[in-house]
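**Student:** This is the structure I have questions about; it appears just below.
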Amino acid sequence: MKNYSSHFLALTFVLITGCAHQFPDYAVNLSSRLPTPGKAEAIGDYSLGCLKGGETFTGKENGLYLSQKKRGRYWGHPDLIKLLTKAGSEFYKNHKQIIVGDMSQSRGGPTITGHHSHQNGLDVDIWFKVPPAQEELTFSALETEEMKSVESLNDDHKNLIRFFANDPSVERIFINPSFKKQLCSDNGPLRLSPEQQHKMRAWWGHDDHIHVRLKCPSDSPECLSQKPVPQGDGCGEDLNWWFGEEAKASDVDASWNDLKSIFLDKVKSLPEHCSFYKDIF
Ligand SMILES: [Zn+2]
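Okay, so the sequence shown: first residue is 5 according to our numbering, each after it adds one.
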């Protein structure tokens with residue numbers, strides 16, 4: 005496990021420093037440092053928190069692809085690693101592979117690019133892109149840029165959604181509004197149950213993936229739960245909003261300078277228990 009992680013860490017450093025933006029030193033450290041030792045704990049909010057004792061994969065998780073490794077966001081609470089490992093082996097039986105995108109940084113916390121949440125080790129993006137053909141379905145890594153986009157959900161995607169939506173540790177799943185629409189109108193054999201549909205929530209920025217969020221684990225007393233998912237299936241009126249002008253107007257991209265100052269504000273506002281995250285500032 006150690007060797008596997010350090011392999012990724014070296015890559016992380018090289019690729020981040022080679023990026024177009026001038027990344028401050030702390031950004032490089034954020035994606036390359038090790039987790040704190042000891043018992044894992046999810047602390048704070050999904051969008052303002054951190055991760056103690058972060059865990060990652062051993063490299064023996066058949067059925068999983070790890071993508072976007074250069075970002076150094078392949079750490080999570082053990083519940084998340086357990087769920088992904090279970091998902092991988094489940095799909096591996098049918099010769100399918102799951103593409104794991106961003107999880108959390110080694111110590112969770114805010115990231116300088118990409119995400120508001122994914123901060124306390126309980127969030128993971130699962131990509132729907134089509135990976136290049138490969139003979140083996142063993143655990144491996146590649147970048148999402150190497151994959152083709154998908155236009156609509158196929159049966160494999162639906163099975164994957166059903167798997168995650170069914171798991172009692174999953175709190176909610178974010179999905180792009182067009183895919184949600186497809187799920188809402190699905191009358192086929194893979195249609196979701198009302199409970200599964202309830203967990204699937206349309207949200208910004210999930211064009212080619214779903215974002216699976218776990219409930220606060222019982223071993224994490226400082227973890228802050230989110231307001232419950234609104235009642236109902238999230239289809240109909242709720243969903244129509246996403247196709248209106250109001251939704252488009254709210255989806256504004258921030259500039260690089262904005263991103264940096266939003267990031268530093270977040271670091272300052274982290275819960276007290278996250279001091280181990282802040283030691284590089
Ligand atoms: Zn996400």
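Heads up, the beta-carbon is just placed ideally off N, CA and C, and yes, glycines get one too.
With a threshold of 7 Å (Cβ to nearest heavy atom), would His81 be considered close to ligand 1?
**Tutor:** Outside the cutoff, so no.
**Student:** What are the uninterrupted segments assigned as beta strand (DSSP E) that are 3 or more residues long and contained completely in the stretch 189-269, given in chain order?
**Tutor:** Correct list: 204-206 and 213-218.
**Student:** So, are the CB atoms of Pro221 and His122 less than 8 Å apart?
**Tutor:** In this structure, His122 does not lie closer than 8 Å to Pro221 by Cβ.
**Student:** Mind listing, in chain order, the residues whose beta carbon lies closer than 5 Å to a non-hydrogen atom of ligand 1?
**Tutor:** Listed along the chain, these residues meet the criterion: Asp129 and His215.
**Student:** Span of the alpha helix (DSSP H) holding Gly92?
**Tutor:** Segment Pro82 to Tyr96, the alpha helix (DSSP H) holding Gly92.
**Student:** Using the beta-carbon count (16 or more within 10 Å), is Asn180 buried or exposed?
**Tutor:** So Asn180 ends up on the buried side.
**Student:** Can you name the start and end residues of the alpha helix (DSSP H) that Lys43 belongs to?
**Tutor:** Run containing Lys43: none; DSSP gives neither H nor E here.
**Student:** Under the three-state reduction of DSSP, which class applies to Ser71: helix, strand or coil?
**Tutor:** Strand at Ser71.
**Student:** Output yes or no for whether 8 Å exceeds the beta carbon distance between Ser51 and Gly76.
**Tutor:** No.
**Student:** Counting C-beta neighbours from all protein chains within 10 Å, is the total for Asp159 16 or more, i.e. buried, or is it exposed?
**Tutor:** Its Cβ having fewer than 16 others within 10 Å, Asp159 is exposed.
**Student:** Beta-carbon separation of Ser69 and Ile102 under 8 Å?
**Tutor:** Rather than Ser, the amino acid found at residue 69 in this sequence is Tyr. Yes. Within cutoff.
**Student:** To the nearest angstrom, how far is the alpha carbon of Thr89 from that of His202?
**Tutor:** Answer to the nearest angstrom: the Cα atoms are 24 Å apart.
**Student:** Can you tell me whether Pro39 is buried or exposed? The criterion is at least 16 other CB atoms within 10 Å of its CB, across all chains shown.
**Tutor:** Buried, because 16 or more other Cβ atoms sit within 10 Å of the Cβ of Pro39.
**Student:** Quick one: is Gly113 buried, meaning 16 or more other Cβ sit within 10 Å of its Cβ, or exposed?
**Tutor:** Buried, because 16 or more other Cβ atoms sit within 10 Å of the Cβ of Gly113.
**Student:** Should Phe143 go down as buried or exposed, given a rule of 16 or more other Cβ atoms within 10 Å for buried?
**Tutor:** The residue in question, Phe143, is buried, as its Cβ has 16 or more Cβ neighbours within 10 Å.
**Student:** DSSP puts Ala145 in a beta bridge; with which residues?
**Tutor:** Partner(s): Leu70.
**Student:** Bridge partners for Gly53 per DSSP, in chain order?
**Tutor:** Gly53 is bridged to Gly48.
**Student:** Which residues in the same chain as Trp207 place their Cβ atom closer than 6 Å to its Cβ, once the five residues preceding and following it in sequence are excluded?
**Tutor:** Cβ within range, chain order: Phe178.
**Student:** What do you get for Gln72, buried or exposed, if any count of 16 or more other CB atoms within 10 angstroms of its CB means buried?
**Tutor:** Result: buried.
**Student:** State the Cα-Cα distance for the pair Cys227 and Ala46, rounded to the nearest angstrom.
**Tutor:** Approximately 6 Å, taken between the alpha carbons.
**Student:** For Val271, list the residues DSSP reports as bridge partners.
**Tutor:** In the DSSP output, where bridge partners are listed per residue, Val271 has none listed.
**Student:** Helix, strand or coil for Val154? Go by DSSP, reduced to three states.
**Tutor:** Val154 falls in the coil class under three-state DSSP.
**Student:** Is any heavy atom of ligand 3 found at a distance shorter than 7 Å from the C-beta of Val134?
**Tutor:** Only ligand 1 can be found as ligands here, which leaves ligand 3 out of the picture.
**Student:** Note the first and the last residue of the continuous beta strand (DSSP E) segment covering Ile177.
**Tutor:** Unbroken beta strand (DSSP E) run through Ile177: Val174 to Ile179.
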